[in-house]
Amino acid sequence: MIDLRSDTVTKPTPAMKQAMFAAEVGDDVMGEDPTVNALEAKVAALTGKEAALFTCSATQANQIAINVHCSPGDEILINSTSHIGLYEAGGPAAISGVSLQKIDAPRGFLSVECLEGRIWPDDPHFTRSRLVCLENTSNMGGGFAWPIEQIRSVSNWCLTKGLKIHLDGARLFHAVVEKGYSPGDICAAFDTVNLCFSKGLGCPMGAVLAGTEKDIHKARRVRKMLGGGCRQIGFAAGAALYALDHHVQRLAEDHAKATHLAKELSRIKGINLVFGLPETNLVFFEISGEYGDARSLETHLRKNGVQIGSSGRNRLRAVTHLDIASEDIPVAADAIRQGLEELKKNRK
Ligand SMILES: *Cc1c(COP(=O)(O)O)cnc(C)c1O
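Counting in this note's numbering, the sequence shown runs from 40 upward without gaps.
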């Protein structure tokens with residue numbers, strides 16, 4: 040099976056399993072897991088932040104950050120296709136009592152222009168605007184990496200408006216590898232940053248939230264409240280440490296595979312690349328209506344050993360990752376070509 044549904048489907052490599060097996064562990068809720076402590080220290084240094092906190096997932100890290108920055112009734116300014124707004128089960132409202140002001144932005148990149156005029160005056164009638172969340176890379180925006188200047192301008196604007204700013208960096212390393220900027224440079228623009236280990240980095244679980252000593256101190260209590268305080272979780276942190284050393288630079292291979300796939304797809308009649316050629320590991324494409332809908336192609340492909348998730352009526356998202364070989368790309372493209380022909384035949 041060539042599984043292009045998500046970069047979350049990767050399984051730990053034998054060497055990663057060795058690292059997990061060898062990890063020294065202790066009770067992390069008591070602060071005594073040496074591997075977790077080493078990971079948190081390493082990510083804090085890497086992101087240039089005072090402190091960091093290991094969490095079960097990137098969703099959990101985002102929700103903790105929101106809870107740390109906001110009080111009930113506050114509002115978050117966020118791009119309308121954000122993971123936080125679409126795929127975190129209504130967490131901001133349910134967990135922290137905050138509302139989201141969703142703003143349309145090309146490629147999911149908010150700008151000062153689209154934020155200007157969106158914050159509420161300090162008046163008893165209005166919601167308190169509190170936090171801006173950015174996503175790098177922006178998943179549903181096509182997986183593009185933010186230009187650093189745009190991040191800085193939004194961040195500076197937040198500073199002048201007294202707003203906090205959080206980065207959902209579930210795929211930050213993809214952006215770092217693509218753009219060549221340092222994680223520290225990017226993270227300097229944010230109060231808190233979330234890095235995910237179970238996406239491109241190939242770990243079975245985990246994310247890290249980094250920020251000031253004060254914010255991470257608060258975050259630790261929120262994590263506990265959400266049931267995210269784990270005991271001998273160094274086995275998972277060991278995988279993350281291994282990934283930081285071995286799986287970051289190789290993301291460039293996943294980007295090359297995605298570009299290859301996109302180029303193959305662009306030659307297929309009936310297929311349109313939604314965002315043009317990709318920059319990182321996400322390829323969004325649409326099939327024209329005369330062939331059927333995305334879901335029928337998805338079903339058809341699965342029968343032929345290729346899995347790609349539909350993400351809209353005619354839209355699909357293919358994701359390259361650690362467990363996809365370069366040789367899989369032309370095979371997947373062929374399956375899609377054949378799939379479309381079959382769909383067309385069946386419709387006649
Ligand atoms: C997948 C994803 C998350 C959540 O990651 P989990 O570890 O699966 O909870 C958050 N943000 C973005 C942009 C993502 O793509």
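Built from N, CA and C at the ideal position, the CB exists for glycine as well. The structure displayed is predicted, hence computed values, not measured ones.
Check, Outcome
"Where does HIS151 land, buried or exposed, given buried means 16+ other C-beta within 10 angstroms?", "Here residue 151 turns out to be Val, not His, going by the sequence shown. Exposed, because fewer than 16 other Cβ atoms sit within 10 Å of the Cβ of VAL151."
"Identify every run of the beta strand (DSSP E) within the segment 176-232, keeping only runs that are complete inside it and at least 3 residues long; order them along the chain.", "203-208"
"Sorry if obvious, but does the Cβ on ASP254 come closer than 8 Å to a heavy atom of ligand 1?", "no"
"Which term fits HIS108, buried or exposed, when burial requires 16 or more other beta carbons within 10 angstroms of its beta carbon?", "buried"
"According to DSSP, PHE102 sits in a beta bridge with which residue or residues?", "Here residue 102 turns out to be Gln, not Phe, going by the sequence shown. DSSP lists no partner for GLN102."
"Is the number of C-beta pairs between the segment 208-216 and the segment 161-176 that are closer than 8 Å three or more?", "yes"
"Is it the case that the CB of GLU89 approaches a heavy atom of ligand 1 more closely than 8 Å?", "no"
"Are the CB atoms of ILE105 and SER138 within a distance shorter than 9 Å?", "no"
"Grab the span of the alpha helix (DSSP H) containing CYS18 for me, first residue to last.", "Only positions 40 to 387 of the chain appear in this structure, which leaves residue 18 out of reach."
"Should ASN385 be labelled buried (16 or more other beta-carbon atoms within 10 Å of its own) or exposed?", "exposed"
"Taking the straight line between their C-alpha atoms, what separation do you get for ARG376 and THR49?", "25 Å"
"Grouping DSSP H, G and I as helix and E and B as strand, with all else coil, what is THR251?", "coil"
"Just grab the DSSP bridge partners of GLN346 for me.", "ASP42"
"Inspect the beta-carbon positions of ARG356 and LEU321 and report whether they are closer than 9 Å.", "yes"
"Can you tell which of SER305, SER327 and ILE326 has the C-alpha that lies nearest to the C-alpha of LYS317?", "Here residue 317 turns out to be Pro, not Lys, going by the sequence shown. Among SER305, SER327 and ILE326, the Cα nearest to that of PRO317 is on SER305."
"Please give the ranges of any beta strand (DSSP E) in the segment 45-102, keeping only runs that are unbroken, at least 3 residues long and fully inside the region.", "90-94"
"Does the distance from the CB of GLY147 to the CB of VAL313 come in under 9 Å?", "no"
"Are there 16 or more other CB atoms within 10 angstroms of the CB of GLU155, so buried, or fewer, so exposed?", "exposed"
"Have a look at the DSSP bridge pairing and note the partners of LEU316.", "Beta-bridge pairing links LEU316 to no other residue."
"What distance in whole Å lies between the Cβ atoms of SER177 and ASN118, which are believed to be in contact at a cut-off of 8 Å?", "7 Å"
"Should ALA83 be labelled buried (16 or more other beta-carbon atoms within 10 Å of its own) or exposed?", "buried"
"Measure the Cβ-Cβ separation of THR231 and ALA258 and say whether it is below 9 Å.", "yes"
"CB-CB under 6 Å to GLY331, same chain, minus the five flanking residues each way: which ones, in chain order?", "LEU382"
"Could you tell me the boundaries of the beta strand (DSSP E) in which ARG386 lies?", "Here ARG386 belongs to no beta strand (DSSP E); instead the alpha helix (DSSP H) covers 367-386."
"Short of 6 Å in beta carbon distance, which residues of its chain neighbour VAL345, apart from the five on each side in sequence? Order them along the chain.", "ILE41, ALA371 and ALA374"
"Just the C-alpha distance for ILE326 and ARG354, rounded to the nearest angstrom, thanks.", "7 Å"
"Under three-state DSSP, which class holds VAL171?", "strand"
"In terms of alpha-carbon separation, which member of GLY129, ALA61, CYS95 and PRO53 lies closest to VAL68?", "CYS95"
"For SER305, report the span of its alpha helix (DSSP H) as first-last.", "290-305"
"State the beta-bridge partners of LEU116 as determined by DSSP.", "GLN140 and VAL171"
"What I want to know is whether the C-beta of THR49 ends up closer than 8 Å to one or more non-hydrogen atoms of ligand 1.", "no"
"Specify, as a first and last residue, the run of the beta strand (DSSP E) that ALA278 falls within.", "No beta strand (DSSP E) contains ALA278, which is instead part of the alpha helix (DSSP H) from 273-285."
"Kindly indicate which residue of LEU379, LEU85 and ALA301 has the alpha-carbon position closest to the one of THR338.", "LEU379"
"Is it a yes or a no for the segment 252-270 touching the segment 66-81, going by three-plus beta-carbon pairs under 8 Å?", "yes"
"Can you list, in chain order, the residues of its chain whose CB lies under 8 Å from that of ILE307, leaving out five sequence neighbours each side?", "ALA372, ILE375, ARG376 and LEU379"
"Give a yes or no on whether the C-beta atoms belonging to VAL358 and ARG44 are separated by under 9 Å.", "yes"
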